Every structure is written in C-alpha cells, then in structure tokens.
Amino acid sequence: MVHHMEHYQIPLDAAFHALSDPTRRAVINRLMRSPAPVKELAEPFSMGLPAFLKHLRVLEDSGLIATEKTGRIRTCRVRVERLAEGESWLSEQRTLWQARTDRLANYVEIQMSGNENDD
Numbered sequence: 044m045v046h047h048m049e050h051y052q053i054p055l056d057a058a059f060h061a062l063s064d065p066t067r068r069a070v071i072n073r074l075m076r077s078p079a080p081v082k083e084l085a086e087p088f089s090m091g092l093p094a095f096l097k098h099l100r101v102l103e104d105s106g107l108i109a110t111e112k113t114g115r116i117r118t119c120r121v122r123v124e125r126l127a128e129g130e131s132w133l134s135e136q137r138t139l140w141q142a143r144t145d146r147l148a149n150y151v152e153i154q155m156s157g158n159e160n161d162d
C-alpha cells in the first residue's frame with residue numbers, strides 16, 4: 044500500500060493541483076473532444092493570453108496535456124494515460140472505503156441484533 048502511494052504521490056499531487064482550478068478543468072473538458080490550438084482554447088476565457096498560458100503550463104507540467112508546435116501554431120491535446128492514472132487511484136480509494144463502510148455496517152447490524160436479543 045505504501046509502495047502504491049509513493050508510486051502515485053508526485054504525479055497525482057500535480058494532477059489534482061492542476062485540476063483544482065475551474066479554468067484548467069474547462070480546458071481538459073474541451074480537449075477531451077479533440078486537440079486544439081492555444082488560441083482556440085483561450086477564446087472562451089475572459090483573461091489575457093499570458094494568464095491563460097500560465098494555466099496551460101500548469102496542465103503541461105502536471106502531465107495532463109501535451110503541446111506540439113507546428114510552424115507558429117501550438118496545439119494542445121489531453122494525455123489520457125495521465126487521467127487514467129488518477130482515475131485508477133480514485134477507484135482504489137473507493138474500493139477501500141467501500142470495504143470499510145461494509146465492515147462498519149456489518150458491525151452495527153451485529154450489535155443491533157445482539158441488543159434485540161437482550162430484550
């Protein structure tokens with residue numbers, strides 16, 4: 044378990060940090076449809092290009108997107124494998140917590156049935 048945490052720690056921290064911002068989540072949502080040039084990605088947001096580029100830098104540094112420059116156009120795409128790593132970690136956590144809540148429910152049920160027999 045600790046080994047898994049160490050394996051995930053740095054990439055997950057960066058990914059969840061990147062996804063903590065609504066602008067960056069919107070960019071990821073848009074890129075899930077198809078790759079897009081930076082100019083197109085920036086259009087819906089009411090901020091200057093330098094501020095928007097900072098958001099893209101955070102996404103790229105986290106490994107959630109990749110960019111490629113062709114001529115004067117920089118195109119961004121989602122790195123779905125990085126999203127899958129986060130989804131895998133969340134799935135593991137969900138499984139662990141579900142098992143814990145199931146055990147708690149069983150314990151409560153046993154305690155309640157024991158109290159009914161005492162009456």
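With the sequence shown counted from 1, adding 43 to any position gets you the working numbering. By construction, the Cβ of each residue, glycine as well, lies at the ideal position given by its N, Cα and C atoms. Quick caveat, the model's predicted, so the values are computed rather than measured.
Spatial neighbours of residue i within its chain, please: CB distance less than 8 Å, with the 5 preceding and 5 following residues excluded, ordered by chain position.
i       : result
Leu-147 : none
Leu-74  : Leu-84, Ile-108, Cys-119, Arg-120 and Val-121
Can you check whether the CB of residue j is closer than 8 Å to the CB of residue i?
i       : j       : result
Val-81  : Cys-119 : yes
Ser-105 : His-60  : yes
Ala-69  : Leu-107 : no
His-98  : Asp-64  : yes
Pro-54  : Glu-103 : no
Taking the C-alpha atoms as reference points, what is the distance between residue i and residue j?
i       : j       : result
Arg-125 : Asp-56  : 12 Å
Gln-136 : Val-123 : 20 Å
Glu-130 : Ile-153 : 34 Å
Ala-94  : Ala-85  : 10 Å
Val-101 : Arg-143 : 35 Å
Arg-115 : Thr-66  : 24 Å
Met-48  : Gln-141 : For Met-48, the predicted model reports a pLDDT of 48, less than 50, meaning its position is unreliable and no value from the coordinates is stated.
Leaving out five residues on either side along the sequence, give the residues of the same chain with a beta carbon under 6 Å from the beta carbon of residue i.
i       : result
Leu-62  : Arg-68
Arg-117 : Val-81 and Thr-110
In the DSSP assignment, what residue or residues form a beta bridge with residue i?
i       : result
Arg-117 : Lys-112
Ala-79  : Cys-119
Apart from the five residues on each side of it in sequence, which residues of its chain come closer than 7 Å, Cβ to Cβ, to residue i?
i       : result
Leu-133 : none
- [ ] Evaluate contact between the segment 104 to 124 and the segment 72 to 88, counting only Cβ atoms and requiring at least three cross-stretch pairs below 8 Å.
- [x] yes
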